[in-house]
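Let me begin by presenting the structure, written as structure tokens, before commenting on it.
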Amino acid sequence: MDTAELPAAPARRAAALRRAVRELGLVAALFLIYKAARVAGADRVSTAVGNGEWIWRVERLFHLPNEAAFQRPVLSHELLVHLANGYYAYVHFPATIICLIWLYVRHPVRYLWTRRMLAGLTAAALALHFLLPLAPPRLTALTGMVDTGSRYGPAVYGPPDTDALSNQYAAMPSLHVGWALAVAVALIAVTGGRLRWLWLAHPLVTLLVVVTTGNHYWLDGIVAAVLLAIVYLVLSRPRTGDQPTHPPTRRPDGRPRQRLSPDRDATGALRAPQAPSGHPAGRADAGDVVRTP
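Using the UniProt record's numbering, read the sequence shown as starting at 1 and increasing by one per residue.
Quick look at the structure:
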């Protein structure tokens with residue numbers, strides 16, 4: 001081992017750690033900017049409630065399942081309500097961060113693509129929040145739905161009229177569903193076998209949870225999926241095939257072994273010319289001249 005290379009190892013680890021901290025800070029900054037922008041647009045309550053009633057009627061027009069009818073059977077099982085509230089409160093952001101960290105360590109090219117996909121989806125969602133303030137079903141009296149977070153806990157939001165940390169009137173689209181779907185897409189892309197499709201359980205469970213807890217309409221999740229599909233099509237695909245399928249073998253000293261040309265033998269010398277098909281093989285004498293192209 002070359003002792004001159006030893007000091008480079010700690011330097012490489014330090015550089016990798018700095019890059020990881022920088023990436024984590026970037027993701028956290030994007031999330032905080034999104035939260036701050038949501039709060040800035042939280043002053044159109046009457047418009048948001050009116051939009052909520054309109055969305056409710058549109059869903060009935062298209063015969064989507066009634067969110068209140070879907071919630072009622074769950075309310076009779078308090079454990080299910082607690083599990084749904086806990087999933088809504090504690091899985092959304094941590095699952096996304098864990099996925100990004102794992103991709104950063106194991107699949108850096110896919111990590112960059114996933115980060116851009118999440119940023120594009122979040123930016124599109126933020127624009128829609130400004131254009132269409134929307135009260136969730138739990139804050140729209142017409143729906144008759146229960147705010148399971150405030151009634152059973154754990155609660156993510158405080159009373160809407162005093163909550164200065166979040167904008168509860170930005171239900172369209174559901175970033176819970178959008179981010180969960182983006183995580184599933186990224187993990188499916190880097191996982192082999194048919195079992196990789198089980199990652200879709202995360203966005204499916206998330207959709208059921210956000211509806212059961214009264215935080216979103218079905219259309220909120222559908223619109224999030226449509227926005228993610230648009231961002232997916234706009235982004236260029238990650239180049240995951242840059243590495244050779246069969247890397248060259250290495251010598252005992254660690255240096256890569258050169259591939260042999262078809263016209264040379266294992267020692268590197270030129271092979272004797274082959275006789276044409278149907279003729280006896282010739283013999284190359286010591287004085288023969290072997291010409292190469």
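All C-beta atoms, glycine included, are put in the ideal place defined by N, C-alpha and C.
ask   = What does DSSP give as the partner residues of ALA170 in its beta bridges?
value = LEU134
ask   = What three-state label does DSSP hand LEU260 in the structure shown?
value = No answer about LEU260 holds up, because its pLDDT of 48 lies below 50 and its placement is not dependable.
ask   = Sorted by chain position, which residues of the same chain lie with C-beta nearer than 6 Å to TRP179's C-beta, five sequence neighbours on each side aside?
value = THR96
ask   = Rounded to whole angstroms, how far is the Cβ of VAL177 from the Cβ of THR213, which I believe are closer than 8 Å?
value = The Cβ separation is near 13 Å, so there is no contact.
task = Would you mind working out which of SER150, GLU53 and ARG115 sits nearest TYR232, comparing C-alpha positions?
result = ARG115
query = Would you call the stretch 127-138 and the stretch 181-197 touching, i.e. three or more CB-CB distances under 8 Å?
reply = no
query = Straight-line CA distance for GLY158 to VAL45?
reply = 15 Å
Within-8 Å CB hit, PHE62 to chain D = Absent from the structure: chain D. Only one protein chain is present.
task = Report buried or exposed for GLY193, applying the criterion of at least 16 other Cβ atoms within 10 angstroms of its Cβ.
result = exposed
query = Any idea if SER236 is buried or exposed, counting beta-carbon neighbours within 10 angstroms, 16 or more meaning buried?
reply = exposed
CB of ALA125 within 8 Å of CB of LEU227, strictly = yes
key: Three-state secondary structure (DSSP) of LEU100   = helix
request  = Quick one: residues in its chain with C-beta nearer than 8 Å to the C-beta of LEU103, no 5 flanking neighbours on either side, listed in chain order?
outcome  = ARG110, TYR111, THR114, ALA186 and VAL190
key: Cα-Cα separation, ASN85 to GLY25   = 28 Å
message = Less than 8 Å between the C-beta atoms of TYR88 and VAL156, yes or no?
response = yes
message = Below 8 Å on the Cβ atoms is my contact criterion, and I expect TRP218 with GLU67 to pass it. Report the Cβ-Cβ distance as a whole number of Å.
response = 7 Å
query = Which runs of the alpha helix (DSSP H) fall wholly inside the stretch 175-248 and span at least 4 residues, in chain order?
reply = 175-190, 201-212 and 218-234
ask   = For the alpha helix (DSSP H) that contains SER46, what are its first and last residues?
value = 45-61
message = Please list the terminal residues of the continuous alpha helix (DSSP H) segment that includes TYR157.
response = It is not in any alpha helix (DSSP H) - TYR157 carries neither H nor E in the DSSP assignment.
key: Exposure of THR292, with buried meaning 16 or more beta-carbon neighbours within 10 Å   = With a pLDDT of 45 at THR292, under the threshold of 50, the modelled position of that residue is not reliable, and no figure is offered here.
key: Simplified DSSP state of MET145, which is helix, strand or coil   = coil
ask   = Do you know whose CA, among ASN215, VAL211, ALA28 and TRP54, lies nearest LEU118's CA?
value = ALA28
query = Near THR47, which residues of its chain fall below 6 Å by C-beta distance, leaving aside the five closest residues on each side in sequence?
reply = PRO133
key: Inter-residue spacing [alpha-carbon to alpha-carbon] between VAL105 and TYR90   = 23 Å
key: Secondary structure of ASN66, DSSP reduced to three states   = coil
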